[in-house]
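Engineer: Next up is a structure, given as structure tokens.
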Amino acid sequence: MSTRFKVSRRDFLRSAGVGAGALVFGSYLTPSLQAQGLISNLINGFPVDGVPVVLLKINGDVEIITHRAEMGQGTRSSLAAVLADEMEADWKRVTLTQPDAEGHKYAVTFPEEVTDEHKLPYPYEDIPRTRKPKAQYLVPPDGSQFTDSSRSVTAYFAVMRLYGAGIRLAMIRAAAKRWGVKPEECRAEKHRVHGPNGQSTDYRWLLLGAKKEKPTYEEISNALKKPEEWRYIGKGKEPMPFYDAQDMVRGKTEYGADVHVPGMLTAMIERCPVANGALVSYDDTAALAVRGVRKVLPIYPPGVRGGGVGRAFHAHAGVAVIATNTWAALQGRRALRPTIKWDLGPHASYDSEVFRKELEASTSKPGRPVRRLNNVDDVFAQAASADTVEARYYVPLLAQTPMEPPVAVALFENGRMEVWAPTQNPDGAQQSAGQVVLDLNDAQMADEEFKQKAREAATVHVTMLGGGFGRKSKPDYIEEAAILAKQMPGVPIRVQWTREDDVKFSYYNAASSQYLRASLGPDKRPTALLQRSALTSFFGTIFPNYSTPGLSDAELAVWAKGRLALFGGGEYPYASGIERAQGLEDMPYDVPSIRLENCKAENHIRVGWMRSVANVYHAFAINSFAGELAIAAGRDPKDYLLDLIGRDRILDEKLMTSQFVERFRNNEFPLEAIAVPVVPKGKMNQVVAGYPPDTSRLRAVVEAVARDSGWDQKVRQYKNMKGRGLGIAAHRSFLSYVAIVADVSLNDRNELTVNEIWSAIHCGLAVNRDRVEAQMEGGIVYGLSYALLGEITVKGGAVVQNNFDDYPVLRIHQTPKINIHIIDSMDAPTGVGEPPTPAVAPAVANAIVAAGGPRIREIPFRHHVKIV
Amino acid sequence: MPVFQLDVNGTKRTVNVDGNMPLLWALRDELGLTGTKFGCGVAQCGACTVHLNGKPARSCAVDVGVAALTKITTIEGLGGNHPCQQMWVEGGVPQCGFCQPGQIMASVPLVDMCRRTGVMPTDEQIDDVMRGNICRCGTYPRIREAIKKAAGVTV
């Protein structure tokens, strides 16, 4: 049996003996999922050495551990329903449990013995191995509960199927033995096994029998349902269940602020308005005089610089008012505010408008090339200026503003911290809380041993999230609760953020300047494309750098090492490999000469990520520019976009390397399909799908959305109308492909109406079709919101905006009709949470031009057209 | 500290708070009714929507002293099987669910009126009634559909 590192999918399926019609899996098994351990882990809720993903109770009921954070994307129900489907469980007997932060248990790993034959897949192959690692991770243990990057279903679909099928197979075998018949003569349906002669029994009577069965991985693989047998998955017979819906409409779902620990006090924190500031002094007399206020405590002592640039997930300097109820805490905070003196620190002169000029200056000169094909300078030198098109685009800082503002409860008792919080990053939260307990500094926390000690000092209970969008990946609000709890041992402390806090103290999506230039040949196709991308990288916020005050050279050195190992580099003030791979390095247009550059941009405020992250500005720029090129070429924008996408190409490792792309991150998934043995030296291989950029998929979604919108007819029709137009854009992100057509009207009063949106997505197999549609609707509304309305500005180092009145977001009366087309596919599932968002802004910008409006090159559009 | 008697979901509850405490915090912190949510505190987002004498109100902007003069209904008092709640579930409306109690409470009077009169709600009416409720997950298209279904369905 071949175990070559690089195999083509077709070769592998032919030679591996995998059953006909078997899906290529999207993820690896863990070593502890070896079949022998599979069932014995599951009975009576006592996992032995395995991943406690599913537990069978003594009455046959099923408890499924939903380890990914649920923030509305629906993966909690989806992944559980996948298991229940393969298991043939009765959904009414299924309960879902959100586990505490215990990240190491949900890793998706390679087998332990990785020999030269089983080379690590790209991009892990050159991680320095100073010691022999226990296992290699596709979703590393630090990150296995870390829910972002639209990868929950991508990573865990196959695993949940295997668990479900394994239980079903064990139950059938146990029943068959009992009845003295062959397993092949039996079938399972909704928690029961049915025999060939009318026998029938519930799973609950088979628990001990099933426990003795030890189906092998190969047997379980062969027992996987064929797609036509699925109950819920894909185009299953029934819609996927939505576990939390009934509670949600009754107000019963427990979010972070609904947690009530007896004796709990509530804290509201007045924070230093500028990053890296420090408290100087305050007078707590007035605050303490408010009825209900118990204590006033600083987050850090006076003189100590708080969180900000280069300070990972640390909270801003602040002073907390702790009271018996939220209103008293708010009143106390208002009384405290005028008495506080801050040392605003090194970023007090940060002005976002001034900084915009810095960003634009940065993209006005050559940056660091991140992808090169031939020589654009030669082509530009020979092109006439009439054939040269250039444009500059700008996207400001953006705030995620989930409906639920950040909140966390912490209790410090017996030397340990117990936390309840809505978090996308349970492991990060656990580390933050533990770091507070053990009083470790950041350099120590870069060390694995200290990190593990910190984890052991804290428990984090993960609640339902009232929205995340990337804000709740950052555990700064958990650190605040832990810091206060440590100062009041035995007293549960709830830190409640206001909406103003959420708007003013986010980890913003980076501000970015994008510069593009192209020259058009005689056939009006581009002969050369130059793109310069300057963005304030979230690496600049997380990792200390030369601009972070108060760190020793030794600490900086430790961080540099950690940064390299963890994220494959990313030197300040350039972008990280992660951000470069989000719409820059995988630029899909077929142009004979290309140079894509990353330009410098310094951090002066906390930067993080917001739904689709760097795709926000990369998609806006490249798709708007495609629209500008089409107009310069005198061509229909949809046809021109298809021409730009060009011949079907796979941007595989060979192509990327030949174009000097350094370690294309690809959302941390492999570019090429890999076959890896399930058990060391075993005969059975599992194939992990590769997910290279595939321009044929981009073409497919563009063609779908052009057909659905009736593009050709409408464009002809609207040419004769005043003030109405269509725009198109398409973008690959998080391994999926989305195209958007926007139909807009612009009237005499310069008022913009978005009439209708058509969208198409290629996400491989749509596991939960209802939630894919919901994410398309939601992601499109989210994209429309920042495109038209939202913008964060900064003056004197402090965020100007306050609440939904001056950081407006899209409302129901501004929401157009949204049409959704899911491309049929049986390929391994890819991301859905973020992909619908990035192509919306450029589609609308292009539509505005088609409607006779201006070419808008900055977000939000309300600076140029009226949003009604 | 003054004592107020609040008529909440048909039951008289006593709270010992300042009269200027917003009703939202009395409901959540004093009475443990956490279905009503805090989203903005300035009546911009609608997550705190309750009914006062059957009319939608933003509880973050109503003082306890004023609310004590009314019959208060929260999401918990809707019964659980109101047509809106049923159609919200059937239509798969919620995503994160945080704004949905407020959305439902805002929609109920319109839906009840349409069910009484037998007249379907127009898109303009829906926009008018619902534009004060923000959903960051973007469930607006499904909210619209659920309201229309709830107004028309026989339960």
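So the sequences go chain by chain: A and B. Going by the numbering used here, the first residue of the first sequence is number 1, and it counts up by one from there. Going by the numbering used here, the first residue of the second sequence is number 1001, and it counts up by one from there. Beta carbons are placed, not taken as given, at the ideal position from N, Cα and C, and that holds for glycine.
Considering only residues of the same chain and omitting the five flanking positions on each side of V321(A), which have a CB-CB separation below 7 Å?
Structural biologist: Around V321(A): A267, M268, A287, V293, V296, A329, G332, R333 and L336.
Engineer: The alpha helix (DSSP H) with E703(A) in it runs from where to where?
Structural biologist: Taken as a continuous stretch (DSSP letters only), the alpha helix (DSSP H) holding E703(A) covers T695 to S709.
Engineer: Could you pull the DSSP bridge partners for V94(A) from this structure?
Structural biologist: Note: V94(A) sits in a beta bridge opposite V62(A).
Engineer: How many Å lie between I172(A) and P196(A) at the Cα?
Structural biologist: Cα-Cα distance, rounded: 12 Å.
Engineer: Looking at the secondary structure, which residues open and close the alpha helix (DSSP H) in which N598(A) lies?
Structural biologist: Careful: N598(A) lies outside any alpha helix (DSSP H), inside the beta strand (DSSP E) at S593 to C599.
Engineer: Using 8 Å as the threshold, is the C-beta distance between G263(A) and P492(A) below it?
Structural biologist: Against a cut-off of 8 Å, the Cβ pair of P492(A) and G263(A) comes out as a contact.
Engineer: Would you give the residue range spanned by the alpha helix (DSSP H) that G428(A) belongs to?
Structural biologist: It spans P426 to L438 - the alpha helix (DSSP H) in which G428(A) sits, taken as one unbroken run.
Engineer: With distances taken from CA atoms, which of A348(A), P302(A), F157(A) and G783(A) is nearest V613(A)?
Structural biologist: For the residues A348(A), P302(A), F157(A) and G783(A), the minimum Cα distance to V613(A) belongs to G783(A).
Engineer: At least one CB of chain A closer than 8 Å to the CB of C1114(B): is that the case?
Structural biologist: So, not an interface residue.
Engineer: Please name the residues in the region 1031-1044 of chain B whose beta-carbon is closer than 9 Å to at least one beta-carbon of chain A, in chain order.
Structural biologist: Those would be G1032, L1033, T1034, G1035, T1036, K1037, F1038, G1039, C1040, G1041, V1042 and Q1044, in chain order.
Engineer: Leaving out five residues on either side along the sequence, give the residues of the same chain with a beta carbon under 6 Å from the beta carbon of A223(A).
Structural biologist: If we look at A223(A) and ignore the five residues flanking it on each side, its Cβ neighbours are A165 and L169.
Engineer: Nearest-angstrom Cα distance between P592(A) and V274(A)?
Structural biologist: Each residue's Cα considered, the two are about 46 Å apart.
Engineer: Please determine, among E228(A), L655(A) and K211(A), the residue with the shortest C-alpha to C-alpha distance to E86(A).
Structural biologist: The candidate whose alpha carbon is nearest that of E86(A) is E228(A).
Engineer: Please report whether the beta-carbon of Y255(A) lies at a distance below 8 Å from any beta-carbon of chain B.
Structural biologist: Judged by the 8 Å Cβ criterion, Y255(A) is in contact with chain B.
Engineer: Buried or exposed: where does L208(A) fall if 16 or more other Cβ atoms within 10 Å of its Cβ makes it buried?
Structural biologist: Answer is exposed; the Cβ neighbour count stays below 16.
Engineer: For K341(A), does the count of other Cβ atoms within 10 angstroms reach 16, so buried, or fall short, so exposed?
Structural biologist: When all chains shown are included, K341(A) counts as exposed.
Engineer: Thinking just about the alpha-carbon of each residue, which of I167(A), P526(A), L752(A) and Y163(A) is nearest to the one in A386(A)?
Structural biologist: Nearest option by C-alpha distance: P526(A).
Engineer: Cutting at 6 Å between CB atoms, please list the residues of its own chain near K1012(B), excluding the five before and the five after it.
Structural biologist: Within the same chain, K1012(B) has close Cβ partners Q1005.
Engineer: Going by CA-CA distance only, name the one from D61(A), E102(A), P588(A) and A410(A) that's closest to L96(A).
Structural biologist: Ranking D61(A), E102(A), P588(A) and A410(A) by Cα distance to L96(A) puts D61(A) first.
Engineer: Give me the Cβ distance between R611(A) and T541(A), rounded to the nearest whole Å; I'm assuming they're in contact under 8 Å.
Structural biologist: So it is not a contact: roughly 18 Å between Cβ atoms.
Engineer: Run down chain A in chain order and give the residues with a C-beta less than 9 Å from the C-beta of G1010(B).
Structural biologist: Those within 9 Å of G1010(B) in chain A number zero; the least Cβ separation is about 16 Å.
Engineer: Taking 8 Å as the cut-off, does the region 1060-1079 of chain B touch the region 230-248 of chain A (at least 3 CB pairs, one atom from each stretch)?
Structural biologist: Short answer: they don't touch.
Engineer: Here's the rule: buried if 16 or more other CB atoms are within 10 angstroms of the residue's CB, otherwise exposed. What is K92(A)?
Structural biologist: K92(A) is exposed by the Cβ-count criterion.
Engineer: Which of the three DSSP states, helix, strand or coil, is assigned to Q582(A)?
Structural biologist: Reduced to three states, the DSSP call for Q582(A) is coil.
Engineer: So G1091(B) packs on K1149(B), CB below 8 Å; how close in whole Å?
Structural biologist: Yes, they are in contact, since the Cβ atoms of G1091(B) and K1149(B) sit about 7 Å apart, within 8 Å.
Engineer: The beta strand (DSSP E) with R371(A) in it runs from where to where?
Structural biologist: Looking at the DSSP string, the run of the beta strand (DSSP E) that includes R371(A) is R368 to L373.
Engineer: Based on Cα-Cα distance, which residue from S709(A), V715(A) and R665(A) lies nearest to Y691(A)?
Structural biologist: When only C-alpha atoms are compared, the closest one is R665(A).
Engineer: Considering just the uninterrupted stretch of the alpha helix (DSSP H) at T1014(B), what are its terminal residues?
Structural biologist: Run containing T1014(B): none in the alpha helix (DSSP H); it sits in the beta strand (DSSP E), T1011 to N1016.
Engineer: Pull out every residue of the region 69-80 of chain A whose Cβ sits closer than 9 Å to any Cβ of chain B, in chain order.
Structural biologist: Residues passing the 9 Å Cβ filter: E70, M71, G72, Q73 and G74.
Engineer: Against chain A, with Cβ distances strictly below 8 Å, would E1145(B) count as a contact?
Structural biologist: Not one chain A Cβ lies under 8 Å of E1145(B).
Engineer: Within 8 Å of any Cβ in chain A, is that where the Cβ of R1131(B) sits?
Structural biologist: Yes - at least one Cβ of chain A is within 8 Å of the one on R1131(B).
Engineer: Verify whether the separation of the beta carbon atoms of A454(A) and G434(A) is less than 8 Å.
Structural biologist: Yes. Within cutoff.
Engineer: Between which two residues does the alpha helix (DSSP H) holding G318(A) run?
Structural biologist: It is not in any alpha helix (DSSP H) - G318(A) instead sits in the beta strand (DSSP E) that spans G318 to A323.
Engineer: Run down chain B in chain order and give the residues with a C-beta less than 9 Å from the C-beta of H731(A).
Structural biologist: None at all; the shortest Cβ gap to chain B is about 18 Å.
Engineer: For the region 1088-1102 of chain B, list every residue whose C-beta sits within 7 Å of some C-beta in chain A, in sequence order.
Structural biologist: The residues in question are W1088, V1089, G1092, P1094, Q1095, C1096, G1097, F1098, C1099, Q1100 and P1101.
Engineer: Measure the C-alpha to C-alpha separation of G26(A) and T154(A) and round it to an integer number of angstroms.
Structural biologist: In this prediction, G26(A) has a pLDDT of 28, which is less than 50 and means its spatial position is unreliable; nothing more can be read from the coordinates.
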